């Protein structure tokens, strides 16, 4: 690297300035100047490589500078790019852990038990498990999942739609730890195996021109079940994440505001409701837990997602999930989908849907609900829509509702949350990390268009009328009623209990009319000054009523009139 | 550095720069920016490529910042011992180089707009 001084000296030297002048200019001796020029020249020669235009290596180059001759080339992906792709495809630790839970779901495990300590994460399930052959076929070459080679798209025991399709679930955790231990066996087989995968060795290694990119090394040992006192009919998979990476450890230890990990989703939500904090105000560990809870194909909280609403589509979704019989516990606390609305006293409603759209890539079927309430959804992280493909949440709860026009319904969009369960047609639109969509895929575009229309024509129309306009009308009516009651009280208190108040359209331009004979006080609802906003109307009506009463009672005595009127004002105007 | 580490390193750089306005101010001072970029221009002319590739620009900017007494003094004094963190410090300096370069682009654009 060249210093600023070295550049200046080189420039002087190249311009033909003699050595003595250079030495003088830079306040150096001749020898020092000569030495500096020599060092700088050598450094500059080293820099020449950086300054050059890149030369394309022969194994990449497919076209050359021939003129007037069409040439065909191929586009390639360097193995270093694959390294980055395989290491950095998951947006968060929860998204990576979700992949392991999805593996347990696909293996028909009724229960996944996750134990998290400061240094180790253990994930254990009692699903169908693997033997060494399965491991070799499914996890040593990451490109496809053998799960998809089965005849059915659903699991044999609980009829769960199979989630995995690329076999990348396993390498997802290479972002979280350096070492992975797997122990697994199948039912009624004599052997079980233990494998140790080392991700660290390949992190720094450069690989060029390889057909496959190597992501890790592993060592596998088979054992006889009977030697380790494991019953032959048992099946399980145990995964241990060791040597956790520093960034991930930091997340696991950020437990604020709770001091330990013995809290569940219910407690997190209670805390947020009580304190008004959002999920992102909590420690990173709780954010991870929450993210995991909304993404996994697990049951809803009791009463969730919307309490006291028995809507067939919602009941159907809930019972489908329950039929999967899938339970995930973290440190012995069951994880549930963290949705329970409403969480405060407010008007709310549900807008269910079940649709099949035709797209150029085939049919797209989905169902679900959008929940709306009168007021901002809280915690604020719930505002938006969540798409589920094969019951697994894709990405985050999308505050933009798949890019709904940001200038429309800015207020009401904060009052809406929803889940879209896609049964069929959107899987091809998923990116490799199953965490985002290919935004140009026809199925995604169709879903986006449908959602925006549904929001505009159904949800926002409902919120506008039911929560906004209707509430305003109701408030107006109630104020009107209150005002009439006070006017009645004024009449009865100032004129006597036998007097009655009546609203009537009068011809003459007189706001108030007191009829002694019929003991009636008439308020002219036609009077111009009463055709105004409630606050002004209220003051006008009371003031003019008190004035008429004062005129009536003072019988021409001006001092008395003033006295009665002022007393009336003082007594009634602020009520 | 894995993507997770880069994410947290970038966060840390942003926090450091936000917490040290004097450093940000120095890095984005027009005289400072044009001084450094002019020197790089001179160097690229010496090397025979008047439009230097970005990797040369960042390479040189990094070394200029590394030897700049004023910058080192501010980092030593105000940046929460960032200089002693061998893993993080080079990344932070690189981040500062990016800040200087971005400022250079902005200044160029501003000049262009004025003209």
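Residue numbers (my numbering), protein chains in the order written: chain A, 21 to 595; chain B, -19 to 95. All C-beta atoms in this analysis are idealised placements derived from N, C-alpha and C, irrespective of residue type, glycine included. Keep in mind that this is a model prediction, so the values were computed, not measured.
Could you check if residue i is buried or exposed, using at least 16 other CB atoms within 10 Å of its CB as the buried criterion?
{"i": "residue 145 of chain A", "result": "buried"}
{"i": "residue 361 of chain A", "result": "buried"}
{"i": "residue 85 of chain B", "result": "exposed"}
{"i": "residue 50 of chain B", "result": "exposed"}
{"i": "residue 323 of chain A", "result": "exposed"}
{"i": "residue 149 of chain A", "result": "buried"}
{"i": "residue 493 of chain A", "result": "exposed"}
{"i": "residue 35 of chain B", "result": "exposed"}
{"i": "residue 579 of chain A", "result": "exposed"}
{"i": "residue 229 of chain A", "result": "At residue 229 of chain A the pLDDT is 48, less than 50, meaning the model places this residue with poor confidence; the figure from the coordinates comes in the next sentence. Residue 229 of chain A should be labelled exposed."}
{"i": "residue 459 of chain A", "result": "exposed"}
{"i": "residue 537 of chain A", "result": "exposed"}
{"i": "residue 125 of chain A", "result": "buried"}
{"i": "residue 335 of chain A", "result": "exposed"}
{"i": "residue -2 of chain B", "result": "exposed"}
{"i": "residue 295 of chain A", "result": "exposed"}
{"i": "residue 57 of chain B", "result": "exposed"}
{"i": "residue 575 of chain A", "result": "exposed"}
{"i": "residue 523 of chain A", "result": "exposed"}
{"i": "residue 244 of chain A", "result": "exposed"}
Taking residue i as the query, report the chain B residues whose CB atoms sit under 8 angstroms from its CB, ordered along the chain.
{"i": "residue 184 of chain A", "result": "The premise fails here: residue 184 of chain A is roughly 22 angstroms from chain B at the closest Cβ pair, so nothing lies under 8 angstroms."}
What residues from chain C crowd round residue i, counting only those whose CB sits closer than 8 angstroms?
{"i": "residue 35 of chain B", "result": "Included in the structure are the protein chains A and B, with no chain C among them."}
In chain A, what lies closer than 7 angstroms to residue i by C-beta?
{"i": "residue 23 of chain B", "result": "22 and 27"}
{"i": "residue 19 of chain B", "result": "24 and 27"}
Could you have a look at residue i and say whether DSSP puts it in helix, strand or coil?
{"i": "residue 599 of chain A", "result": "Limits of chain A in this structure are 21 at one end and 595 at the other, which puts residue 599 of chain A out of reach."}
{"i": "residue 465 of chain A", "result": "helix"}
{"i": "residue -12 of chain B", "result": "helix"}
{"i": "residue 460 of chain A", "result": "coil"}
{"i": "residue 385 of chain A", "result": "strand"}
{"i": "residue 154 of chain A", "result": "helix"}
{"i": "residue 297 of chain A", "result": "coil"}
{"i": "residue 38 of chain A", "result": "coil"}
{"i": "residue 547 of chain A", "result": "coil"}
{"i": "residue 357 of chain A", "result": "strand"}
{"i": "residue 228 of chain A", "result": "Note on residue 228 of chain A: pLDDT 45, under 50, position unreliable in the model; no value is reported."}
{"i": "residue 48 of chain A", "result": "coil"}
{"i": "residue 247 of chain A", "result": "helix"}
{"i": "residue 132 of chain A", "result": "strand"}
{"i": "residue 70 of chain A", "result": "helix"}
{"i": "residue 559 of chain A", "result": "helix"}
{"i": "residue 287 of chain A", "result": "helix"}
{"i": "residue 345 of chain A", "result": "coil"}
{"i": "residue 607 of chain A", "result": "As shown, chain A starts at 21 and ends at 595. That puts residue 607 of chain A outside it, with no answer to give."}
{"i": "residue 74 of chain B", "result": "helix"}
{"i": "residue -2 of chain B", "result": "helix"}
{"i": "residue 376 of chain A", "result": "strand"}
{"i": "residue 119 of chain A", "result": "helix"}
{"i": "residue 455 of chain A", "result": "coil"}
{"i": "residue 144 of chain A", "result": "strand"}
{"i": "residue 450 of chain A", "result": "strand"}
{"i": "residue 583 of chain A", "result": "helix"}
{"i": "residue 173 of chain A", "result": "coil"}
{"i": "residue 90 of chain A", "result": "coil"}
In the DSSP output, which residue or residues are listed as bridge partners for residue i?
{"i": "residue 371 of chain A", "result": "A:390"}
{"i": "residue 239 of chain A", "result": "A:216"}
{"i": "residue 204 of chain A", "result": "A:213 and A:257"}
{"i": "residue 199 of chain A", "result": "A:218 and A:262"}
{"i": "residue 68 of chain B", "result": "Partner(s): none; residue 68 of chain B has no beta bridge."}
{"i": "residue 439 of chain A", "result": "A:389 and A:406"}
{"i": "residue 412 of chain A", "result": "A:409"}
{"i": "residue 29 of chain A", "result": "The partner list for residue 29 of chain A (beta bridge, DSSP) is empty, contrary to what the question assumes."}
{"i": "residue 350 of chain A", "result": "A:134 and A:353"}
{"i": "residue 602 of chain A", "result": "An answer regarding residue 602 of chain A cannot be provided, because it is not within the stretch 21 to 595 covered by chain A."}
Applying a beta-carbon distance threshold of less than 8 angstroms, which residues of chain A neighbour residue i?
{"i": "residue 43 of chain B", "result": "21, 22 and 23"}
{"i": "residue 47 of chain B", "result": "23 and 24"}
{"i": "residue 32 of chain B", "result": "71"}
What in chain B is Cβ-close to residue i, meaning under 9 angstroms?
{"i": "residue 67 of chain A", "result": "23, 27, 36, 39 and 40"}
{"i": "residue 64 of chain A", "result": "23, 26 and 27"}
{"i": "residue 30 of chain A", "result": "22, 23 and 26"}
Note down, in chain order, every chain B residue with its Cβ under 7 angstroms from the Cβ of residue i.
{"i": "residue 34 of chain A", "result": "26"}
> What residue ranges within the region 300 to 343 of chain A form continuous alpha helix (DSSP H) runs of no fewer than 4 residues, ordered along the chain?
Replying inline: 304 to 315 and 332 to 343
>> Report the start-end ranges of each alpha helix (DSSP H) in the region 2 to 63 of chain B that is 4 residues or longer and not cut off at the edges.
In response: 10 to 26, 34 to 47 and 49 to 58
> Which whole runs of the beta strand (DSSP E) in the region 475 to 545 of chain A are 3 residues long or more, in chain order?
Replying inline: As far as the region 475 to 545 of chain A is concerned, its whole beta strand (DSSP E) runs of at least 3 residues are 520 to 524, 532 to 535 and 540 to 544.
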